[in-house]
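Heads up: the sequence lines are chains A and B, in that order. If you're matching positions, the first sequence starts at 1 in full-length UniProt numbering and goes up one per residue. If you're matching positions, the second sequence starts at 1 in full-length UniProt numbering and goes up one per residue. Beta carbons are placed, not taken as given, at the ideal position from N, Cα and C, and that holds for glycine. These numbers come from a predicted model, not from an experiment.
There are 2 protein chains.
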Amino acid sequence: MQVWKDYQAEHKDRFLDELLELLRIPSVSADSRFNGDVQKCAEAVKQRLQEAGADKVEVCPTAGHPIVYGEKIIDPALPTVLVYGHYDVQPADPLELWHSGPFEPVIKDGNIYARGSADDKGQFYMHVKAFETMNRTNTIPCNIKFMIEGEEEVGSANLGIFLKENKERLKADVVLISDTSMISLENPSIDTGLRGLAYMEVEVTGPNRDLHSGVYGGAVANPATILAKMIASLHDENNHITIPGFYDNVQELSAEERADLNAAPFDEAEYKNDLGVDELWGEKGYSTIERTGIRPTLEVNGIWGGYIGEGSKTVLPSKAFAKISMRLVPNQDWHEISDLFAKHFEAIAPKSVQVKVTKHHGGSPYVTPVDSIAFKAAHKAVHATFGKDPIPVRGGGSIPIVALFEKELGLKTVLMGFGLDSDNLHSPNEKYGVANYYKGIETIPYFHQFFAELSK
Amino acid sequence: MQVWKDYQAEHKDRFLDELLELLRIPSVSADSRFNGDVQKCAEAVKQRLQEAGADKVEVCPTAGHPIVYGEKIIDPALPTVLVYGHYDVQPADPLELWHSGPFEPVIKDGNIYARGSADDKGQFYMHVKAFETMNRTNTIPCNIKFMIEGEEEVGSANLGIFLKENKERLKADVVLISDTSMISLENPSIDTGLRGLAYMEVEVTGPNRDLHSGVYGGAVANPATILAKMIASLHDENNHITIPGFYDNVQELSAEERADLNAAPFDEAEYKNDLGVDELWGEKGYSTIERTGIRPTLEVNGIWGGYIGEGSKTVLPSKAFAKISMRLVPNQDWHEISDLFAKHFEAIAPKSVQVKVTKHHGGSPYVTPVDSIAFKAAHKAVHATFGKDPIPVRGGGSIPIVALFEKELGLKTVLMGFGLDSDNLHSPNEKYGVANYYKGIETIPYFHQFFAELSK
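See the structure below:
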């Protein structure tokens, strides 16, 4: 609509400045040293929602980090869209690899460089500005509710409770989330599914104290060596995961579905070049698109033990640790997979060590029904602003709460993401395209418009 | 000798206080943050040698940490003993596992708890006090030279140069070192050999940046997983080391020699109980005494990569690292073994990662000739104060410079150690028995006396 275009053109600089301001708050949810900043960020989000015109805006406390809620009910008879996003971010380390401060946003070559720029501050804030656009131009076509949380990067531990306790307030017809990516601005795409997650931590203990590797080396099991052997055994020679029962409930796609997925544009040479690797790695018998979309995976997210400081120390460590997470696909249950992992990891431990397995968090995989009104509305919205049909793709990441929304609120979710896979999510130099940001703000109002129309 | 007994009885408290003072200086050679303390410790050693009566005492600068030299030449015609020791210590971490400050020595149950108490401040200082005893009682039977270095725990990188440049000053008939352990005060023993060392660091690089484990997981080689697989492959199912050529020059002992070694008192139940392990681990076909004495080993001293902080981070790391050291036995050459390791580690790396191998330091193994005058003198000295013959054993640790002394100065070394394997060397709560300390001070003068007599 022209009024939207005009309003956004007039306020585009402020839209960007406000995002940069939000990005300057280091709202790292995983590290308790940043708790104050997380709270500060929640307050900032509250203020912005109010300024945009939302009613009943509130910073709702939880057992962990707060959830910011706001709404605009223009007519109870109209459909309602619940917009979800998260204002918390991943830790910024390793800091030394950032070209500029992770919380000192810099715009370079058309990108906003900052932790959280794409995941998810830059993306949820598009909804705030799209809402402002519709509100100020008196063109809001349906009821809109906002729920912006602060624990997505640590597993949304308290969101489930919040949903249970606020069923009435959160009543809606669909959940709309921008926390995923599209292939490119030239090849817009919409995620039709997400992988689930099971995040574990393991501790392997050998001797009851660090030992001199000369005096005891060769006579006592070294927990670092044993942990390495255990981790090595979790993938076989075809990079299949060896945990018994792991694949039992994995939904196999039809040859046709796989063909459709693989039809999406993918340039392996460019992919390898972007990552700086000579060769890709993955489960035998599947393409890269399939390996990151429809197949479950197991990754070591962190490993440590013994002396890791400067110089050398001839120590035989007492303990070694690893953080290991698995991405899950329909119909794997993350609780069941977590149990299978724990059981297997304990089973393969030799008698010479003790093993402790801790479950960090997780979430179930999700597939979006492409025949739903909401998905069609998203499809039409993207077409309206990009001038071409979006490609349906399976996202490799996890937004565990998508399954939660279905379970607790009985709502389907539409994943209309505007980021790129190359945005360095969770990595140093995370970025988000300025053009992507504006394109999102431009596209979102159309979603509401089409969703309202198609719902009639 | 009675005069020694009397003098030592009279000054025993001061002997102990002086050691505690030395232990309060955190002379950690591996960590540059402690450089000032290492220098300070060298100055303290210099002062103590002077007070004890040594001449020409000097803190000799090197490209790294200084070497303290001192001597007492009573008659050029008499034999000369070169006493070696080191005033630097291992890093103290993990600090949280210490029951008392590593550099705040505490005496508990007859033990001195402090980093460096046994390795090697407590042991080299026995020689300073033994020297003081002989000097003050005018009973020095031979010439004595002291060389106390500050880089033993980081590979004595600059000692070789010092030896080359000071051949005249260091002229002697034998090197005497107390930096090893004995079985117990009830079962005194003398090391007849030491293992060599080859200390390596490896870096495995996958993608050129940390990645989101959901977006890229399953499609790109994870360097932590690959490193685990590579480390796991370094030992076969019998815990033999798989590096081609690794065992080629290993000296196999005769059945009789092995029987002698295994005759040394060893209580496996007590050994396991002390370490808190249910089962021992090691090379198939060899006893624990053999595994730690006459067999080469490979240990992971440290491993790290990815996110190792609080909470969870779904990252696919760009790099993973490990510090890996090998203990060597006659006639393995540490340079050759280092090259074999590097060559093998690069060879087993899959194309999907880049591998960098760095050699930290190393040293050759050493065997003491038990028929030498010096060894006999040590044997008699221990008998004189313990009232029984010492058991000859092979030590598992490494004092790389022993081979260096032979190469540069043409000198054999006698290893007369008074520590215990259970002294937590390189571990939290390192300790040294007060009785062991005094016993060493009591025994050392006899070594000089018998060495002088037997040399006639």
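In the same chain as B/Cys41, and ignoring 5 residues on each side of it, the C-beta atoms closer than 6 Å to its own belong to Ile25, Ser27, Tyr87, in chain order. Proximity of A/Lys323 to chain B, defined by a Cβ-Cβ separation below 8 Å, is satisfied. For B/Val154, the neighbours in chain A by C-beta distance under 8 Å run, in chain order, Gly311, Ser312. At a cut-off of 8 Å, the C-beta of A/Pro392 has no neighbouring C-beta in chain B. In this structure, A/Gly440 sits away from A/Met134, with a CB-CB distance that is not shorter than 8 Å.
Distance from the Cα of B/Gly363 is smallest, within the candidate group B/Ala377, B/Ser427, B/Phe405, B/Val393, for B/Phe405. Residue contact check for A/Thr297 against chain B: a CB pair falls below 8 Å. Secondary structure of A/Glu132 (DSSP, three-state): helix. Taking a Cβ-Cβ cut-off of 8 Å, B/Lys108 has no neighbours in chain A, whose nearest Cβ is about 16 Å from it.
Residue pairing by DSSP puts A/Met326 in a beta bridge opposite A/Ala198, A/Leu298. CA-CA distance, B/Gly419 to B/Gln354, rounds to 43 Å. Interface criterion not met: the Cβ of B/Asn111 is under 8 Å from no Cβ in chain A. Among the residues facing chain B, A/Thr225 is included, as its CB has a counterpart in that chain under 8 Å away. A distance below 8 Å separates the beta carbons of B/Phe124 and B/Ser178.
In the DSSP assignment, B/Lys376 falls within the alpha helix (DSSP H) that extends over 373 to 386. Scanning chain A for C-beta atoms nearer than 8 Å to the C-beta of B/Trp98 yields nothing, as the closest lies near 11 Å away.
B/Thr288 has a beta carbon lying within less than 8 Å of a beta carbon in chain A.
The contact set of A/Asn238 on chain B, defined by CB atoms closer than 8 Å, is empty, because the minimum CB distance reaches about 13 Å.
With respect to the 8 Å criterion, B/Thr180 and B/Gly395 are classified as neighbours on the basis of their beta carbons. Residue range 143 to 149 is occupied by the beta strand (DSSP E) that includes B/Met147. B/Val277 is classed as buried because its beta carbon has at least 16 other beta carbons within 10 Å across all chains shown.
DSSP places B/Pro445 within a helical segment (H, G or I) once states are collapsed to three. When rounded, the separation of the alpha-carbon atoms in A/Asp119 and A/Tyr432 is 9 Å. Listed along chain A, the residues sitting closer than 9 Å to B/Ala320 by beta-carbon distance are Val300, Ile303.
Leaving aside the five residues that flank A/Val45 on each side, the residues in its chain whose CB is nearer than 6 Å to its CB run, in chain order, Val68, Tyr87, Ile148. DSSP lists B/Lys319, B/Gln354 as the bridge partner or partners of B/Thr205. Near chain B, meaning a CB-to-CB distance below 8 Å, the residues of the region 261 to 283 of chain A are Leu275, Gly276, Val277, Asp278, Glu279, Leu280, Trp281, Gly282, Glu283. Residues of chain A with a Cβ closer than 7 Å to the Cβ of B/Ile231 are, in chain order, Thr225, Ala228.
Here A/Glu96 is not bridged, per DSSP, to any residue.
Looking at A/Arg209, A/Phe375, A/Tyr286, the one whose alpha-carbon comes closest to that of A/Ala320 is A/Arg209. The alpha-carbon of B/Ala219 is positioned some 24 Å away from that of A/Ala92. Under the three-pair Cβ rule at 8 Å, the region 3 to 14 of chain B does not count as touching the region 384 to 394 of chain A. The beta-carbon of A/Ser372 is placed no less than 8 Å from the nearest beta-carbon of chain B.
Interface annotation, B/Gln123: not in contact with chain A, CB-CB separation never under 8 Å.
Residue-level contact check: A/Ile243 does not touch chain B, since none of the beta carbons of chain B fall below 8 Å from its beta carbon.
Taking every protein chain shown into account, the CB of B/His99 has fewer than 16 other CB atoms within 10 angstroms, so this residue is exposed.
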